[in-house]
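Below: one structure, written as structure tokens.
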Amino acid sequence: MTLQHYLVISAILFTLGIFAVLTRRNAISILMGIELILNSCNLNFAAFSRFMTPEDISGQIIAIFGIVLAAAEAAVFLAIILAIYREFGSIRPDEVDTLKG
Amino acid sequence: MQPLSNIDSLLHFSPEILLVIFATAVIILDLIVKNRESVAVAHLALVGCLCTLAAVLFIHFSFGKGEPVSLFLGMIQLDVFSTFFKVLLLLATAATILFSLRSEELDAKLKGEYYALLLVITLGMFLMASATNLLMIFIALETVSLTSYILAGFLTHNPRSSEAAFKYITYGAVASGTMLFGLSLLFGMAGTGDLTQIGGRLAELLASGEVSSLTLLIAITFVLAGIGYKIASVPFHMWSPDVYEGAPIPITAFLSVASKSAGFALFIRFFYTGFGSTGLMEAVDWPFMLAIVSALTMTVGNLAALPQQNVKRLLAYSSIAHGGYLLMGGVLLTSEGIGAILFYLVVYLFMNLGAFYVVVLVANEMGSETINGYRGLSSRAPLVAVAMMTFLFSLTGIPPFAGFFGKWILFTAVLEQGYYWLALVGLLNSVVSLYYYARIVKAMFLEDTSEETDRVSFSTGTFALLSVFVIPTVFIGFLNIFYTFSNISVSVIPMQ
Amino acid sequence: MLLSLMIFIPLLGMIVVLLLPRESEELVKRVTLLFTLIPLALAVYLFITYDRSTAGTQFFHGPVPWIDAFNIQYHIGVDGLSVTLLLLTALLGPICVIASWRNIEKGIKAYMALFLLLETGMLGFFAALDLFLFYVFFELTLLPMYFLIGIWGGPRREYAAIKFFLYTLFGSVLMLVAMIAVYLNSNIVNGVAEGLRTFDIPTLITLAATQGHALADSDFQIWVFLGFFIGFAVKVPIFPFHTWLPDAHVEAPTAISVILAGILLKMGTYGLVRVNMAMFPQGLDHFTNGIGFWGNSLALLGFINIVYGSFCALAQTDFKKLVAYSSIGHMGFVILGLAARNDPGITGAILQMFNHGVISAMLFLLVGVLYDRAHHREINGFGGLGTRMPIYTGITTLAFMASLGLPGLSGFVGEALSLLGAYDKFKFLTILSTIGIVVGAAYFLWTLQRVFLGTLNPKYEALSEINGREILTLVPLAILTVLLGVWPNLAIDMFRESVTNLINVLHAI
Amino acid sequence: MVVPLISFILLCPLAAFAVFGILGLANKRFPRQDYLSTAAMLIALACSFLLLREVVPSPEAHTVDWLSLGNVTFSMGFYLDSVTVIMLIVVTLVSSLVHIFSMGYMHDDPRYPRFFAYLSLFSFSMLFLVVSDNLLGIYIGWELVGLCSYLLIGFWFEKDSAANACKKAFLTTRVGDVGMFIGMMMLFTKFQTLSLYGEDGIFTLAASQLTTGDMVWLSIAGVLIFCGAIGKSAQMPLHTWLPDAMEGPTPVSALIHAATMVAAGVYLTARMFPILTETSSLVIAYVGGITALVAATIAIVRFDIKRVLAYSTISQLGYMMLAIGAGSYVAGLFHLTTHAFFKALLFLGSGSVIHAFHAMHAHAHDDEKHDHEHADDEEYILGSEIPPDQDMRNMGGLRHKMPITFITMLIATLSISGVPFIFSGFWSKDKILAGVLGRAMEWNSIHHYILFVIALLAAGITAFYMFRLIFMTFFGEPRNQEMHEMAHESPLSMTVPLIVLALLSFPAVNTLWFNKDYVKPPQQSHLHAPTHAQLAPDTKTGGTGVALSLFGVSEAVAAEEDAGQGTQDVHGDDGHHGSAHTAHTIAMVLSIIVAGLGIFLSWLFYHRRALSAESVATTFRPVYNLFWHKYYFDEFYDGVLVALTVWKARLFARFDGSVVDGIVNGVGLVTRDILAAFVGFFDNRVVDGLVNRVAKITWAIGGRIRRIQTGAIQTYLFVVLVGIVLLILIFRVL
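Residue numbers (this note's numbering), protein chains in the order written: chain A, 1 to 101; chain B, 1001 to 1496; chain C, 2001 to 2509; chain D, 3001 to 3734.
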């Protein structure tokens, strides 16, 4: 397992995340896409930290912070989805488009 | 300079700490106070701002007169630049709190959280203005983002507000995710999170060919995605009109001024410290990229603003356009350019907040956010109308208002670097902008409402606050102090 | 000091007016009149005490440091040209106040306040010796004008107001670019920067004439010239930037039309003389040396203005629009004269500036008088008024004759001199321009016939004769018209030296 | 002494006008404006006589700086030589007489005071024109008299016809004036001055500086300046305004459109005499000659008494132009003075006739007349419709009713027809003919022979139609009994001026012109070889004149001889002296013959009725039509006009169909409706349209950008993606 493998995987994850965010017709799926993106980043940090600067663990610290923030974000996101559901009776992102122009 | 250890840093960090303390205090007070109508909470938050301001200034003048100090092992840096933005941000926050006091759309039950979040978001922006480490940058960014999502969606039982929050967070999450990916690449290439070292490292690696300029380009573009989303620059601007329209007006005002300023602070520090080295710029000509982005941004913002009917939305687009103007200063790599940005931000703070304040007042009195709601305002509330006129023409950049002087030094800086096309685009844009600003003025002054409506009376406090914005909007340009202040503040930004 | 007093007294007046209670309209008017009369008195004093024997600027105030960051200074002073136009401005001030005495129904207070602000802007513009100050005053006239047209104007006032605003702003941003370019180059000698940059007009003029200075580079001058030129061309207005003028004039209330035609148009030409000609002689040379297309371009524009404006005027059936287009035609003579770059040409142009200010003011006042009575301006809707209102007819005839350049009245001198000067350089264009003289006579006489001669239109049996207040506004102008017609030296003495000086600058290159 | 006198002469009428103006502005009336103005004129007249002594020995200019630039100075000033003085006297004299005449003629006009004010203003302007010593001054006076004629023709501006006529007059003359102004510009650019006299005046400079190379532009300049004269003196092709100008009150026609203003053109040409080149002189001569002939032929067939006089005026002016063009400076000016008197007399006489009829007319068909005046002005202005009180076909046998008018007008007619020896008209006309023939013989140029013939013909025709007028008006049976009954002799205020003018039609009072030392023609420095020669006829006949005016014909020849000797030593080559001598004799004889012939014919036609004008008219129908339709000048213009009017109706409905006629209004129509409307259209649609288009486009783009903002969050994110990709791609490509 060299660095490249990790990078490729993270790249794939990132792309999948973006793809999900763009195409899913359900807010939850979008949230999952976002999580994919964030995790690909974390993976990057960890991998770089492991291979580039073995003696310095700052990369891994960043990854941990990333996970924390991702969690926080997920919480807020879910709360907002609830609100959306309350107001719109649906969580299809394309139905939430009263603000436009 | 040698980074201070965590313990030594705490004193220098006192403003931020104060903010945290006050945030918690606000929540506690809110729990204590039973009376829903009491404004004690807001006033406490206001006091918090003032104390923080005092602390900021105290630290600035007591410790080394703003000599750069690196805190927490190089996580954040305390210098004139950050101090400048801290003052700016505190002013914005205080103003927002005052707006919120007068705004009638906010839910009385949630005051405590509201003001607490305002203080927290300020904290996040402080960090944005002073962070010098990738990790800190990311944390700061996320702090600001998360709180602002909540604030945007703060109006429960208001679908528009919820929708704004939804779009905001979706967009924001993706953008910050993208940025984080870019950061990870940078970290990987440079092998360090310290912004001050990244630049040098990357330059060396480029020279030695260990890093391909493509990777660097991708990384920079991804970072730009995150920052561009904060300062709402094309093509990362599309969230802002919807969010600004849906969010509570005070929050809209706050976002349009404070988070834009913080975004610029971050942008300047990041790009000038991180990517400022000449070798790097030969590999990736990001200034030129930004020049194009800024031209697009102001053009799109102005043109899209033309047909708007909702004043909040119109101002949203106008603030996009102003983001474009400001970005011009960022592509010049000269201290004049940065100084121009800072000066313009000061001016922009007053005129834009003022404009939004009038929007709040009108929304309260006439219950309308559309241009038609402003018809005949000159006869119903002349002073307010005149104030709004001042703000709008200042935004257009017409002498003798401060907005003109802001544009003036901005364009001087741009022309000095020979970016004639960019200056021309900017100036023509400001001509276009006159048209939609004037539509509001027209509604207020030129179209007299057929039915002779009675005059609306406002409290003296309202006028006092209004004048707080009007007077600077008229006089800033004529005073030397502001120019010198903004020029000093850029001294710490490294220039190649 | 005296000059600053003169400039800022109207501003003071504005504040005073704003502090007055809105009920006491008469008081507001009186106060405004007072605050416009003081500058007039000062202007007359300037006119008398001005030392006609020197070209240099006089009655300095400043340079007082203002914005150190850009070495912007508060610096004002007058030379012969400015003093003449200052007098014109100060004279039209009270006249317009009197003209607005009755026919402003709503918001008289705001009206007067804006008017005073406008006057400050105009006075300051003509006295400014610092380029930045110059620009600020130039723009300062925009806002009050926008509101004065937009609030108190006619049916299509909103359109007219914003059109005026956008046009002028468009011009002035190009001017701004040019201005900044001048500022940035103001300290570069032989490629190396030395000393402070400056906005000081006299300094800049000398710099632009010194060898090796960045400002003296001919290409630079050509571009900067263009920038400023477009800015002023919109104000003058020069074809094809003129289309705001008819709308603005038609919609604006009488007094404001007077100011528009009398002063604001002159701001354009004044800027051409003060900045474009004095500061960029090489740029000017490129457009007026009579070689090739560009060498004739300025004169060509003048010619187009003359002929085009006259023909447009001929096509109008709206009295006010006709006068508006006639102004375009007359400003053409100014451009032509300036393009000639010689003694008669420039003197003629300046005279024409002043005289047109006086005459067109009369014309618009007269149109206003008729409009207040008949409530329309359709020329063909009148007829035979000569029998009903002889005095009015008499004054109108005088104004028309002056405007169509009848010798013995002031209009002639300026036109004739401009043409005499221009013929020296641009024979063909000048001869073609004389078409304007005939057409000018044609539309004025034709109007005279349709409105005043022939059988009286029964609708206007009961039309009342022009009243004392209106005569009061017209007589001073009429006197000036005749006086300068028979004694042009009275005006020329003021700026003869300045013109000679300017010509030396132009020939120095 | 000179300057104060002249200033005083100028100030009197000006003051008279000023009083009126100031009082008018104060909305008051000065009841006796007429006395004031008349008094002013009489004083001016007295002063002008005083000037007689001042002028000789040497002409001089008195100037002040009027308009001084850095290195150029335009001075205003007086130039006083014999010609000036004579002109002054003529103007003041005729003007005063007209003032007096008007007191009676205009008496019951509602705007009585204003009329006199205008007259004063006119007199001032005319005098200013006469005395000023530089082109600019002349131009100023020139335009001012134009204004006055505009005001006075349009004095009865309620009549649409009058309103049209005055506009037409002003514009037509203006066209000429522009030509003159261009000429002035040419001279100015060459000499950097507009003063004529003095060592740095145009004439001296022209004489000293110019080379044969400059002849071309000098000729052009000369002709251009002459354009002014063409307009003012109603020479072809700008003559059509003068007949219409008869819309004005008759005294005005007498003063402005017969005696003074129209003569200003001749005066100007004479002033320009020194810089006239051969070419420009020839052009002038031809214009004058053709005008003289054409106008005369038109006059034959008019029935409107005032129009006959109008055309005769045009013709006589052509005569003067011809004289100047042919180099007979003195002759031209001499004819100017004599003509001023007898033509003024004729007009005033006709005025008194019209007055006689008009008085009655006012009672009889007032409203009816009123109607027809406004019925169809187009017709009316074309002259085919004649107000009955001016129609000679309604007159006849008036000589018993109004003897004074008859006698005086007869004298004038004899004078204009050139009845030999005792009438001034004969001498002046004879001088001209002699001058032309003389020039022809010296240079034996075919042109001048042609011109001479033309002049002769014109002289004959003049005699014919003038007597036609007399016969139709005063002799024979009254054609319109009813009108005839009402007719009566005019009041004293009107007859006195007639008598005075009649006296002035005798040569004795014009002796100044016969004194060859008094009026000296200036040198023409720009003619080829025989330059000096052309002076001969003048001086010669000048000499003769003195003799003849005092004694009979018999001595004339003798006097001529020594006059010849006199001139011989001046420029001593016999050849031309001989030619001049013969020229003069021939000219005199021929002129007498043609005059007699003309009178005789008209006697046959209109008194004896041995021949019937109708029959002749029918036999020579085409010719008659040509004359009747004034060579189809107006018809031609109207033809163009009709076409345009049709267009107009279709294209520019918004223009009212106001009555338009004559070339000026024709051109006016073209420019006004076609060109101007096009330009106006262009301005609205194209220039303004462009601006609005830009605005629209900008707005449209705004709309597009809006549409991208669909409201669906995923679209936004997609845009982000695309944006990032594009940015990266761009920078890889770059």
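Backbone N, C-alpha and C define an ideal beta-carbon position, used for all residues, glycine too.
Item to check | Delimiting residues of the beta strand (DSSP E) encompassing tryptophan 2223 (chain C) | outcome: Premise fails: tryptophan 2223 (chain C) lies in the alpha helix (DSSP H), 2218–2235, not in any beta strand (DSSP E).
Checklist entry - Thinking C-beta only, is isoleucine 1076 (chain B) closer than 8 angstroms to alanine 1131 (chain B)? => result yes
Item to check | Residue range of the unbroken alpha helix (DSSP H) whose run includes aspartate 1194 (chain B) | outcome: First-last for aspartate 1194 (chain B): undefined, no H or E at that position.
Next on the checklist: Considering Cα atoms alone, identify which of D:Gly3598, D:Thr3337, D:Leu3127 is closest to isoleucine 3300 (chain D).
Outcome noted: D:Gly3598
Checklist entry - Looking at the C-beta of glycine 1228 (chain B), does it have a partner C-beta in chain A at a distance below 8 angstroms? => result Chain A, which has no Cβ nearer than 8 angstroms to the Cβ of glycine 1228 (chain B), makes this no.
Item to check | Residue nearest to isoleucine 3202 (chain D) in terms of C-alpha spacing, selected from D:Leu3276, D:Ser3149, D:Trp3241 | outcome: Measuring from the Cα of isoleucine 3202 (chain D), the nearest candidate turns out to be D:Leu3276.
Checklist entry - From this set, D:Arg3706, D:Gly3349, D:Leu3590, D:Pro3237, which residue's C-alpha is nearest valine 3500 (chain D)'s C-alpha? => result The shortest C-alpha separation from valine 3500 (chain D) is found at D:Gly3349.
Next on the checklist: At the 8 angstroms Cβ level, is aspartate 56 (chain A) part of the contact set with chain D, yes or no?
Outcome noted: Under the Cβ distance rule, aspartate 56 (chain A) does not count among the residues neighbouring chain D, no pair being separated by less than 8 angstroms.
Item to check | Residue range of the beta strand (DSSP E) that includes proline 2171 (chain C) | outcome: This sequence places glycine at residue 2171 (chain C); proline is not what is there. Note, glycine 2171 (chain C): premise wrong, no beta strand (DSSP E); alpha helix (DSSP H) at 2157–2185.
Checklist entry - Residues in the stretch 1066–1078 of chain B with C-beta within 9 angstroms of chain D's C-beta atoms, listed in sequence order? => result From the stretch 1066–1078 of chain B, no residue has a Cβ closer than 9 angstroms to chain D.
Next on the checklist: Taking 8 angstroms as the limit between beta carbons, can you name the residues of its chain near lysine 2109 (chain C), skipping five residues before and five after?
Outcome noted: Val2017, Leu2018, Leu2020, Arg2022, Glu2025, Val2028
Checklist entry - To the nearest whole angstrom, what separates the beta carbons of proline 2010 (chain C) and proline 2039 (chain C), a pair I think is in contact under 8 angstroms? => result 6 angstroms
Checklist entry - What are the boundary residues of the beta strand (DSSP E) that includes glycine 2077 (chain C)? => result 2072–2078
Item to check | Strand pairing of isoleucine 1268 (chain B), partner residues [DSSP] | outcome: Looking at the DSSP output, isoleucine 1268 (chain B) bridges to nothing.
Next on the checklist: Let's test the definition: count the other Cβ atoms within 10 Å of the Cβ of histidine 2375 (chain C) and tell me whether it reaches 16, buried, or not, exposed.
Outcome noted: exposed
Checklist entry - When we look at the beta-carbon of asparagine 3692 (chain D) and count the other beta-carbons within 10 Å, is it buried (16 or more) or exposed? => result Asparagine 3692 (chain D) should be labelled exposed.
Item to check | As assigned by DSSP and simplified to three states, the class of tryptophan 3647 (chain D) | outcome: Only weak support is given to the placement of tryptophan 3647 (chain D): the predicted model assigns it a pLDDT of 47, under 50, and the question is left unresolved by the model.
Checklist entry - Within this structure, are the beta carbons of threonine 1484 (chain B) and alanine 2069 (chain C) separated by less than 8 angstroms? => result yes
Checklist entry - Is there a Cβ from chain B that is less than 8 angstroms from the Cβ of phenylalanine 19 (chain A)? => result Look at phenylalanine 19 (chain A): its C-beta is not under 8 angstroms from any C-beta on chain B.
Checklist entry - Would DSSP call proline 2065 (chain C) helix, strand or coil? => result strand
Next on the checklist: Taking the straight line between their C-alpha atoms, what separation do you get for isoleucine 3708 (chain D) and valine 1300 (chain B)?
Outcome noted: 11 angstroms
Next on the checklist: Checking the sheet assignment: what are the DSSP bridge partners for histidine 3062 (chain D)?
Outcome noted: D:Phe3078
Next on the checklist: Using C-beta distances below 6 angstroms, list every residue in its chain close to phenylalanine 2990 (chain D), excluding the 5 sequence neighbours before and after it, in chain order.
Outcome noted: Residue 2990 (chain D) is absent from the structure shown; chain D starts at 3001 and stops at 3734.
Item to check | Residue of C:Met2014, C:Leu2336, C:Ala2127 minimising C-alpha distance to leucine 2085 (chain C) | outcome: C:Ala2127
Item to check | For leucine 3135 (chain D), the nearest candidate out of D:His3355, D:Tyr3267, D:Leu3346, D:His3607 (CA to CA) | outcome: D:Tyr3267
Next on the checklist: Any beta carbon of chain D sitting closer than 8 angstroms to that of isoleucine 2171 (chain C)?
Outcome noted: In the sequence as displayed, the identity of residue 2171 (chain C) is glycine instead of isoleucine. Not one chain D Cβ lies under 8 angstroms of glycine 2171 (chain C).
Next on the checklist: Quick check: is the beta carbon of alanine 2299 (chain C) nearer than 8 angstroms to any beta carbon in chain D?
Outcome noted: no
Item to check | Cβ-Cβ distance between threonine 2288 (chain C) and leucine 2298 (chain C) below 8 angstroms | outcome: yes
Checklist entry - Got a sec? Which residues, its chain only, sit under 7 angstroms from phenylalanine 2311 (chain C) by beta carbon, not counting five neighbours each side? => result Val2439
Checklist entry - What is the rounded straight-line gap between the Cα of alanine 3018 (chain D) and the Cα of glutamine 3235 (chain D)? => result 33 angstroms
Item to check | Distance between proline 3420 (chain D) and glutamate 3560 (chain D) (C-alpha atoms, nearest Å) | outcome: Because the pLDDT at glutamate 3560 (chain D) is just 39, under 50, the model does not fix this residue reliably, and the value given afterwards should be weighed accordingly. Looking at the two C-alpha atoms, the distance is approximately 17 angstroms.
Checklist entry - Going along the chain, which unbroken runs of the beta strand (DSSP E) with 3 or more residues stay wholly within the stretch 3181–3207 of chain D? => result none
Item to check | Counted within 10 angstroms of its Cβ, other Cβ atoms place valine 3262 (chain D) as buried (16 or more) or exposed | outcome: buried
Checklist entry - Between asparagine 44 (chain A) and leucine 13 (chain A), what straight-line distance do the alpha-carbon atoms span, to the nearest angstrom? => result 11 angstroms
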